[in-house]
Amino acid sequence: MGNKVKAAIIGPGNIGTDLLMKAMRSDVIEPVWMVGVDPDSPGLARAEDLGLKTTADGVDGMVPSMREDGVQICFDATSAYVHAENSRKVNAQGAVMIDLTPAAIGPYCVPPVNLDEAVAARAMNVNMVTCGGQATIPMVYAVSRVQPVSYGEIVATVSSKSAGPGTRKNIDEFTRTTADGIASVGGADEGKAIIIINPAEPPLMMRDTIHCLTKDEPDQAAITQSVQEMIREVQKYVPGYTLKNGPVFDGNRVSIYMEVEGLGDFLPRYAGNLDIMTAAGLRTAEMYAQQILSGEFVPVASAA
Amino acid sequence: MDLSGRKITLHDMCLRDGMHPMQHQISVEQMVTVAKAMDEAGVPLIEVTHGDGLGGTSVNYGFPAASDEEYLTAVCKEMKNTKVSALLLPGIGTVDHLKMAVDCGISTIRIATHCTEADVSEQHIGMAGQIEGLDTVGFLMMAHMIEAEELVEQLLLMESYGANCVYITDSAGYMLPDDVTARVELARKELKPETELGFHGHHNLAMGIANSLAGVAAGANRIDGSMAGLGAGAGNTPLEVFIAVCDRMGIETGVDTFKAMDIAEDLIVPMMDHIVRVDRDALTLGYAGVYSSFLLFAKRSAEKYNLSSRDILVELGRRRTVGGQEDMIEDLALDMAKAAGTL
């Protein structure tokens, strides 16, 4: 296993467990630690069964031995409220932090848009924006790379069952962080994000609507082609990323209607919102891992 | 039904829910004119914002004629006795909008979620509850979609976060009086005695007045309506009518009945883009249990893709869509047009 970079997952909930299952299939990442705060957490027990080291004492429970265990990449799948503290602690031990919370203290990474850039910058903390951001920013970018977009807006609709307590407590952070990412990564002058939680049974598949207002009349053929190319890029790590309708052109409005079906690793298939997050997080970590393995990047401990 | 001597607080929706049929184009001047007339008539509370609440400005819901801040600032400073409220849907607006509205001079904030999702309001109700003197209201939309027991659990959550008043909201205008009675009665029994309880109706099945009376009889003390029914779908409970009924029944509202009638007839009706009434599509909303503000979106998509708006609305009901899913309408219309072979 000498050709893999060792990783820790912080947060043994649904996201953390799904991420673990994906990471175990990786050619370049080897998950070795699962960190939780509740000794009765089923996610910790599951990770232990799979041979990982576990602790219920939070990041502090892993810190004393993480260097010895060779952990160079950590994923935070907890909440925005505790992320900064977790990040500081693992950075001090020389591990890169991939942030799956909407805390957004590091640069944003949306793999098909700016993964190379994010990894080349060698940031010790990189943020995965939000689930809605991962599902929609590639589409905003697909339009803005063709022609200037004055305004990008997204509506993410997720099933009630796939919106965990973290998302619910963090709903303002979701809208703010996603809106920010639409502008700074998606390339729109201004971003707006809306999230809707729907309790219908059986649970609905994650849906995303992307509206862009272009400055000049939209080049329909070029935008349609760009959107289709971008969908193929996202499908490389989220095969269930599907165009339902559009692009619809109405004056300067370009609307794209997407559905995101997950892989169904640990999370149910309808929870495409969670799947796209774990898949994007892992894809980002794999890029870092390749750089670490090739010796191009050596993560360095920062002052605690 | 003897309700004489009961005191209730009326809350007018013309300048918020009324923004839906007006496609959010009510001008600041119109808002100020209407609000001053409400103040003069003794209406205790009026709501002012984009139809979808603070931060509702969007491609998805429509861009308004002016910003929430412009509307609120202009209206709040003209009010002598009438208080002003703002609506906020977590997922659309944030606590930043809430703080802005408080700075503009609102006295009431209403935090709205789908009836099963009260826990997304914890952040917002919690913060509002800590602002000195701010009347903090939890507002559960589409309340017909769950039974009384489940609904009351959600109301209790909002109460626990710090709401001093909670609402049962018939966003689809689907409820019949017995549905209101069951929900309000159980809520009144389970909530703290000091927590106020409200009912917000839509008139899609022409049940606005009957449902509001059922609400009062079962223990609600705040009732929403709008003069001339200016609101989404077939509108809200027509407030001037409800005021006249209360007057006859001896329910104390503190509002001048004739002045209310005059606002409806002389100010609101002339302002309407189209007459808000129980037309076929609005009736379909109530019949199929669909969020009232979908009305104009369904009409537009039906026209654009050569479909029946009633078919679109019935399908939206069947799919159990919730408030805010306006983006679903064009998407669904495209699917229906493809299936019909017209696209």
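Chains A and B supply the protein sequences, listed in that same order.
Counting with the working numbering, you get residues -7 to 296 for the letters of the first sequence.
Counting with the working numbering, you get residues 23 to 365 for the letters of the second sequence.
Quick reminder that beta carbons are idealized off the backbone N, C-alpha and C, glycines included.
Source: prediction; values computed, not measured.
Checklist entry - Among B/A59, B/A362, B/G78, which one has its Cα closest to the Cα of A/I188? => result Here the closest residue by C-alpha is B/G78.
Checklist entry - Mind checking if B/Q371 is an interface residue toward chain A, Cβ cutoff 8 Å exclusive? => result No statement about residue 371 of chain B is possible, as the shown extent of chain B runs from 23 to 365 and does not include it.
Item to check | Neighbouring residues, chain B, relative to A/H203 (Cβ below 9 Å) | outcome: At a C-beta separation below 9 Å, A/H203 has these neighbours in chain B: S80, V81, N82, D349.
Checklist entry - When you compare each of B/L252, B/K29, B/S193, B/N103 to B/D61 by their alpha carbons, which one comes out closest? => result B/N103
Checklist entry - Roughly how many whole angstroms lie between the Cα atoms of A/E193 and A/R245? => result 33 Å
Next on the checklist: Ignoring anything shorter than 4 residues, give me the alpha helix (DSSP H) runs that lie fully in the stretch 225 to 294 of chain A, in order along the chain.
Outcome noted: 264 to 285
Checklist entry - Looking at the C-beta of B/V124, does it have a partner C-beta in chain A at a distance below 8 Å? => result no
Checklist entry - In chain A, which residues lie with their C-beta within 8 Å of the C-beta of B/L338? => result Those do not exist, as B/L338 stays about 11 Å from chain A at its closest Cβ, beyond 8 Å.
Checklist entry - For A/Y73, which residues in chain B fall below 8 Å Cβ to Cβ? => result Per Cβ cutoff of 8 Å: no residues; A/Y73 is ~11 Å from chain B at best.
Item to check | Counted within 10 angstroms of its Cβ, other Cβ atoms place A/H203 as buried (16 or more) or exposed | outcome: buried
Checklist entry - For A/K(-2), which three-state DSSP category applies? => result In the structure shown, A/K(-2) sits in a strand (DSSP, three-state: E or B).
Item to check | DSSP state of A/R199 mapped onto helix, strand, coil | outcome: strand
Checklist entry - Checking contacts by CB at 8 Å: is A/E145 closer than that to chain B? => result yes
Checklist entry - Taking Cβ positions only, does B/R322 come closer than 8 Å to chain A? => result no
Checklist entry - Looking only at its own chain, which residues have a Cβ that is under 6 Å from the Cβ of B/E207, when we skip the five neighbours before and after it? => result A240
Checklist entry - Does the stretch 91 to 111 of chain B touch the stretch 113 to 126 of chain A, meaning 3 or more C-beta pairs lie closer than 8 Å? => result no
Checklist entry - What does DSSP give as the partner residues of B/D34 in its beta bridges? => result B/I68, B/G247
Checklist entry - Taking Cβ-Cβ distances shorter than 8 Å, what residues in chain A pair up with B/P112? => result I163, D164
Item to check | Separation of A/P23 from A/M(-7), as counted between CA atoms | outcome: Bear in mind that a pLDDT of 45 at A/M(-7), under 50, signals an unreliable position, so the model cannot answer this.
Item to check | Reduced DSSP secondary structure (H/G/I, E/B, other) of A/S151 | outcome: Secondary structure of A/S151 (DSSP, three-state): strand.
Item to check | Cutoff 7 Å; reference A/F241; Cβ partners in own chain excluding five residues on either side | outcome: P210, Q212
Next on the checklist: The beta strand (DSSP E) that contains A/K45, what's its start and end?
Outcome noted: Counted as a single uninterrupted DSSP element, the beta strand (DSSP E) harbouring A/K45 occupies residues 45 to 47.
Item to check | Distance between A/G254 and A/T276 (C-alpha atoms, nearest Å) | outcome: 18 Å
Next on the checklist: My output table needs one value for A/H75: the three-state DSSP class, helix, strand or coil.
Outcome noted: helix
Item to check | CB of A/Y249 within 8 Å of CB of A/G232, strictly | outcome: no
Checklist entry - Of all Cβ atoms in chain A, is any one closer than 8 Å to the Cβ of B/G247? => result no
Item to check | Residue from B/I190, B/E212, B/M358, B/K105 with nearest C-alpha to B/V202 | outcome: B/I190
Checklist entry - By Cβ distance, which residues of its chain are closer than 8 Å to B/A57, with the 5 residues on each side in sequence left out? => result Cβ within range, chain order: L37, I68, V70, V97, E100, M101, T104, V106.
Next on the checklist: Against chain B, with Cβ distances strictly below 8 Å, would A/V240 count as a contact?
Outcome noted: Cβ-Cβ to chain B under 8 Å: yes for A/V240.
Checklist entry - If you run the structure through DSSP and keep just helix, strand and coil, what is B/L25? => result Residue state, collapsed to three classes: coil.
Checklist entry - Nearest chain B C-beta to A/A192 closer than 8 Å, yes or no? => result Output row for A/A192: interface = yes.
Checklist entry - Whose C-alpha, out of A/V20, A/Y73, A/V135, A/G158, is nearest the C-alpha of A/A214? => result A/V135
Checklist entry - Which parts of the stretch 66 to 112 of chain B are runs of the alpha helix (DSSP H), unbroken and 4 residues or longer, counting only runs that do not cross its ends? => result 90 to 98
Next on the checklist: With a threshold of 8 Å between beta-carbons, can B/H136 be considered close to chain A, or not?
Outcome noted: Chain A contact via Cβ: present.
Next on the checklist: Can you find the residues in the same chain that come closer than 7 Å, C-beta to C-beta, to B/V336, ignoring five residues on each side of it along the sequence?
Outcome noted: T306, A310
Checklist entry - Counting only runs that start and end within the stretch 56 to 143 of chain A, where is the beta strand (DSSP E) found for 3 or more residues in a row? => result Within the stretch 56 to 143 of chain A, the complete beta strand (DSSP E) runs of at least 3 residues are 63 to 68, 88 to 91, 117 to 119.
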